[in-house]
Each structure stands twice: as C-alpha cells, then as structure tokens.
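Sequential numbering from 3 applies to the sequence shown in the numbering used here. What follows is one structure encoded as structure tokens, with my remarks underneath.
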Amino acid sequence: MGEYCSTCGSRLEERYLEKEGRKIPYCPTCEAYRFPLYNAAVSMVVMNEERSKILLIKQYGRDRYILVAGYINQGENAETAVAREVLEETGLTVSSIEFNKSEFYAPSNTLMINFAVTVTSECVHANEEIDSYQWFSIEEARARIASGSLAEKFLIQYLDKNDKDETWKRRKLE
Ligand SMILES: [Zn+2]
C-alpha cells in the first residue's frame, strides 16, 4: 500500500470518509482522498469450439498446470484484455467469451477476473511466456489443474456451474 500521495509525494494520513463509512488515505497537500491502488488481471478457461477440451499451461519454470492469464493494460477493458492475452500467449483467436467469477488475490494486490472462452482452433503457437501446454478433456483438466491455486478455484467453479446446466450436459454428450 502506498503511504505517499501518487500525485505530489506528500505523506498520506488516514481520514474518515462518511460515504465509505471507513478511513481512507488522504493527502493534506492536494486536499484529496487517495484510494489505494491495485492491479487488475484476467484469467481464462480456454476451451475448443466444441467445449470438450480445456487448454492448461505451465509457466515461470513451475511444474504445475494453470490457466492462461495476464494483466489488464491501463485504458483497456477486461474483454479486450482476454482476447489480447489469449492471442499473445497462445496464438489462438477467441470466438466467445463468458464471465465466470472474480476474486481479489491479496498476495499480488490484484483483482483477478475470470472468463470462460472458446477459441477457433486447437493449434497453439505458444510464446516465450509459456513453458509448455496441453489440451485436456474436461475431467482431466479438473484433475490436473494446480491444486490449491486460484486457477483451480476458478476452473472448478466454472465446471461445477456447468454440470448443473442441462444445455452444457447435452453439449458434452454430442
Ligand atoms: Zn498530494
């Protein structure tokens, strides 16, 4: 958390802000509240067009499968970041996008917004950010995603939600 004003560099003080009902960092020089900054990122459950396979990746030299993810650029909306990150990291073109779930991830001070997307092809051209990747069946993906990770939480939430959905079940059986 920044203790100094991002505009003038003055030391911030805590001041009660009635409409928030709590203390917010305040710059006495600028006479303005300075809400704490955080990062925003997107992560994606990437599926083939038939929604029968899920793409998982390994990254940062770690031997565990996670979801494709990346930070949202300043001025960019989340949906644009989803398509851009998927294309940059995997060479795949997003054909549909559906919001799944979001969660604030305190260790990196990041709001993670998760989407489920389909892509037009299964032919991955991974960039240097990806160590390895693999398409898994739905059940394999559920089993292979890094245990205890936020990626696992998002994936399981998405799959469990769809298990209750008859349309999804029918689609899986086709
Ligand atoms: Zn200031």
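Virtual Cβ for every residue (Gly too), placed ideally from N, Cα, C.
Member of the options whose CA lies at the smallest distance from the CA of residue i
i      : options                       : result
Val96  : Thr112, Val126 and Tyr67      : Val126
Val121 : Arg13, Glu52 and Leu161       : Glu52
Glu130 : Leu69, Leu39, Gly77 and Glu91 : Glu91
Tyr160 : Ala145, Ser134 and Asn116     : Asn116
Val47  : Tyr18, Asn41 and Ile99        : Ile99
Phe37  : Met49, Glu22, Tyr73 and Glu81 : Glu22
Whether residue i touches residue j by CB criterion (8 Å)
i      : j      : result
Glu15  : Tyr6   : no
Ala128 : Asn102 : no
Ile140 : Ser45  : no
Ile59  : Ala143 : no
Ala145 : Ile68  : no
Thr41  : Ser151 : Just to set this straight, residue 41 is Asn in the shown sequence, not Thr. No; because the gap between Cβ atoms is not below 8 Å, this pair is not in contact.
Ala43  : Tyr73  : yes
Endpoints, beta strand (DSSP E) assigned at residue i
i      : result
Glu15  : Glu15 to Leu19
Tyr28  : Arg24 to Cys29
Tyr135 : Ile132 to Ser139
Asn116 : Thr112 to Val121
Where the alpha helix (DSSP H) containing residue i begins and where it ends
i      : result
Asn164 : Leu152 to Asp165
Practice task
Starting from the N-terminal end, write out each residue whose C-beta falls within a distance shorter than 5 Å of any non-hydrogen atom of ligand 1.
Solution key: After applying the 5 Å Cβ criterion, the set is Cys7, Thr9, Cys10, Ser12, Cys29, Thr31 and Cys32.
Problem - Completely contained alpha helix (DSSP H) runs for the region 46 to 100, where each covers 4 or more residues - result: If we require 4 residues or more, the alpha helix (DSSP H) runs fully inside the region 46 to 100 come out as 80 to 92.
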